[in-house]
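Colleague: Each residue of the sequence shown is one higher than the last, beginning at 1 in our numbering.
I am attaching a structure below and will ask some questions about it afterwards.
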Amino acid sequence: MKSMQRVKALAAAVSLAAAVGTAGAQQTSVEVLHWWTSGGEAKSAAELKKMMQTRGFGWKDFAVAGGGGDAAMTALKARVVSGNPPTAAQIKGPSIQEWGREGVLASVDAAAKDGKWDDLLPPVVANVMKFKGQYVAAPVNVHRVNWLWVNPDVLKKAGVAAAPQTWDQFFDAAAKIQKAGLIAIAHGGQPWQDATVFESVVLGVGGAEFYRKSLVQLDEASIKSPTMVKAFDTLGRIKTYIDKDAPGRDWNLATAMVINGKAGMQFMGDWAKGEFTAANKAPGKDYLCINAPGTQGSFTFNIDSFVMFKQSDANAQKAQLALASSIMSPEFQEVFNLNKGSIPARAGVSRAKFDSCATKSMDDMTASNKGGGLVPSFAHGMAIPSSTQGAIVDVVARFMNSNMTSQQAVDALVKASKVK
Ligand code: BGC
1 MKSMQRVKAL AAAVSLAAAV GTAGAQQTSV EVLHWWTSGG EAKSAAELKK MMQTRGFGWK
61 DFAVAGGGGD AAMTALKARV VSGNPPTAAQ IKGPSIQEWG REGVLASVDA AAKDGKWDDL
121 LPPVVANVMK FKGQYVAAPV NVHRVNWLWV NPDVLKKAGV AAAPQTWDQF FDAAAKIQKA
181 GLIAIAHGGQ PWQDATVFES VVLGVGGAEF YRKSLVQLDE ASIKSPTMVK AFDTLGRIKT
241 YIDKDAPGRD WNLATAMVIN GKAGMQFMGD WAKGEFTAAN KAPGKDYLCI NAPGTQGSFT
301 FNIDSFVMFK QSDANAQKAQ LALASSIMSP EFQEVFNLNK GSIPARAGVS RAKFDSCATK
361 SMDDMTASNK GGGLVPSFAH GMAIPSSTQG AIVDVVARFM NSNMTSQQAV DALVKASKVK
């Protein structure tokens, strides 16, 4: 009996070894969900693919087009619900905790311990990447959202002397550009882009403390204050400088309008810089990156990260650890962020190759952190639960696409901020 058991155990061990051997001989692939499909984004994603291939892993691209990632999140939910999650997915902010609570995330703590992530990441970043104390995600970058992208030739043609710093200067420039027969503000009418402009307006009109109270803490008194009415008034004025073809336009096409001089300015996070870079444009010469009006000293951060989903296969688990450690390597953080327009999430990456927009971002992040102006991006899923965010974004999109008054928008915002 005993020897029979031993034979069975031996046979099981042999077939397991064979299985592992076979799987090892084939290449293990990582399937990675993301929404990086624009020129600059695709170049950045290709760097991760390359790095995994150098480490001996295959890459199964699970790209779902759609800026801001709404379509990607819908596709992801369908896959997880059907019990077939990808190896990793681009998920950020509080959503990481939401997925963690579903019990579907895998720990990459082994890679984090090995790579000393706790020493390399600022605690605000590290905490977002952990679920119940264990790393379940790896951050690739820090994007800044409160930028204004400007074509200096357009300013010149329109007779605008200097890039705008204040709202008065901004609207003065916009009026002059429009008068010169060009489009003042390049925009794509999609809810997430509307929300991206809105958050910079709230920050620029109300300041960092007001932004934090209204869009992060969802404080009712702030949401229904005259400052919020003023923010919608400002957004309403912005609307008048957007062209009639904006509805549905993708963000990168709006950026292309600034690149080729059809439009003067765009409110967008620094993934827009990835488009300028991919088009071989130089900052300070072909384009300007400046703070959105009135937001000097503030910094809205948006951190992209890859979250790992539980895998039953041992090789897939190994691949996951390799993906996590690749993402955090200084080589990857450098080359990826040079293409993506963002800055590295981890310490210890040389800034030598980064351009003036990126080094400004690095310096402004440090300074705003000291001065109290560092705030999470509401529009990019860093600040509040996704359900509440969705309800607020709907209000902003409705305001952009109707004749709703600022007061009506504020009243709707109060209700939306209570959606759980
Ligand atoms: C992401 C960026 C991406 C942008 C446009 C943002 O939410 O953080 O990585 O480039 O959406 O797709």
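Here a beta-carbon is modelled for each residue, glycine too, at the ideal position from N, C-alpha and C.
Where do the N-terminal and C-terminal ends of the alpha helix (DSSP H) with Asn127 fall, by residue?
Modeller: If you number the sequence shown from 1, residue 127 lands on position 127. First-last of the alpha helix (DSSP H) with Asn127: Pro123 to Met129.
Colleague: Identify whether Trp35 lies in helix, strand or coil by the three-state DSSP scheme.
Modeller: Numbered from 1 along the sequence shown, position 35 holds the residue referred to as residue 35. DSSP places Trp35 in coil when its eight states are reduced to three.
Colleague: Given this structure, state the Cα-to-Cα distance separating Pro385 from Ile392, to the nearest angstrom.
Modeller: Mapped onto the sequence shown, residue 385 falls at position 385. Mapped onto the sequence shown, residue 392 falls at position 392. In a straight line, the C-alpha of Pro385 is about 11 Å away from that of Ile392.
Colleague: Which of the three DSSP states is assigned to Met382 in this structure?
Modeller: Along the sequence shown, read from residue 1 onward, the residue named residue 382 stands at position 382. Met382: coil per DSSP, three-state reduction.
Colleague: Answer with buried or exposed for Pro247, where buried requires no fewer than 16 other C-beta atoms within 10 angstroms of its C-beta.
Modeller: For the purposes of this step, residue 247 is taken as the residue at position 247 of the sequence shown. Exposed is the call here.
Colleague: Between which two residues does the beta strand (DSSP E) containing Gln266 stretch?
Modeller: Mapped onto the sequence shown, residue 266 falls at position 266. DSSP places Gln266 inside the beta strand (DSSP E), whose first and last residues are Ala263 to Phe267.
Colleague: For the 8 Å Cβ check, are there 3 or more pairs between the stretch 151 to 158 and the stretch 312 to 321?
Modeller: no
Colleague: Throw me the rounded Cβ distance for the Trp147 and Gly204 pair, which I believe falls under 8 Å.
Modeller: On the sequence shown, position 147 is the one that residue 147 refers to. On the sequence shown, position 204 is the one that residue 204 refers to. No, Trp147 and Gly204 are not in contact; Cβ-Cβ is about 12 Å, not under 8 Å.
Colleague: Which same chain residues end up closer than 7 Å to Phe267 when comparing Cβ atoms and leaving out the 5 residues on each side of it in sequence?
Modeller: Here residue 267 refers to the residue found at position 267 of the sequence shown. Correct list, in chain order: Leu148, Thr196, Val197, Ser200 and Ala292.
Colleague: When the Cα atoms are used, what is the spatial distance from Lys262 to Ser82?
Modeller: As a position in the sequence shown, residue 262 is number 262, starting the count at 1. As a position in the sequence shown, residue 82 is number 82, starting the count at 1. Cα-Cα distance, rounded: 46 Å.
Colleague: Just to confirm before moving on: does the CB-CB distance between Ala367 and Ile343 stay below 7 Å?
Modeller: On the sequence shown, residue 367 is found 367 positions in, with the first residue counted as 1. On the sequence shown, residue 343 is found 343 positions in, with the first residue counted as 1. Their beta carbons are not under 7 Å apart, which means Ala367 does not touch Ile343 by this criterion.
Colleague: Return the residue from the list Lys415, Val202 and Val128 that minimises the CA-CA distance to Gly381.
Modeller: In the sequence shown, the residue the question calls residue 381 occupies position 381. The candidate whose alpha carbon is nearest that of Gly381 is Val128.
Colleague: Jot down the residue ranges of each uninterrupted beta strand (DSSP E) in the stretch 217 to 249, minimum 3 residues, whole runs only, in chain order.
Modeller: none
Colleague: Is the CB-CB distance between Val145 and Ser387 below 7 Å?
Modeller: Taking the first residue of the sequence shown as 1, we reach residue 145 at position 145. Taking the first residue of the sequence shown as 1, we reach residue 387 at position 387. No, the Cβ-Cβ distance between Val145 and Ser387 is not below 7 Å.
Colleague: Taking the CB atoms as reference points, tell me whether Gly274 and Ser356 lie closer together than 7 Å.
Modeller: Working through the sequence shown from its first residue, we reach residue 274 at position 274. Working through the sequence shown from its first residue, we reach residue 356 at position 356. Their beta carbons are not under 7 Å apart, which means Gly274 does not touch Ser356 by this criterion.
Colleague: Hey, would you say Asp304 sits closer than 7 Å to Lys92, going by beta carbons?
Modeller: Here residue 304 refers to the residue found at position 304 of the sequence shown. Here residue 92 refers to the residue found at position 92 of the sequence shown. Going by C-beta atoms, Asp304 is nearer than 7 Å to Lys92.
Colleague: Taking 7 Å as the cut-off, decide whether the C-beta atoms of Val414 and Lys224 are in contact.
Modeller: For this step, residue 414 is matched to residue 414 along the sequence shown. For this step, residue 224 is matched to residue 224 along the sequence shown. Taking the C-beta atoms as reference points, Lys224 is found nearer than 7 Å to Val414.
Colleague: I'd like to check one pair, Ala319 with Val108: are the Cβ atoms closer than 7 Å?
Modeller: Position 108 of the sequence shown, counted from the first residue, corresponds to residue 108. Position 319 of the sequence shown, counted from the first residue, corresponds to residue 319. No, the pair does not count as a contact, with Cβ atoms beyond the cut-off.
Colleague: Could you work out which residue in Val150, Lys116, Pro152 and Asn151 is closest to Phe138 when comparing CA atoms only?
Modeller: Taking the first residue of the sequence shown as position 1, residue 138 is located at position 138. Note on residue identity: the sequence assigns Ala, not Phe, to residue 138. Closest by alpha carbon: Lys116.
Colleague: Does the count of Cβ pairs from the stretch 182 to 189 and the stretch 207 to 216 closer than 8 Å reach three?
Modeller: no
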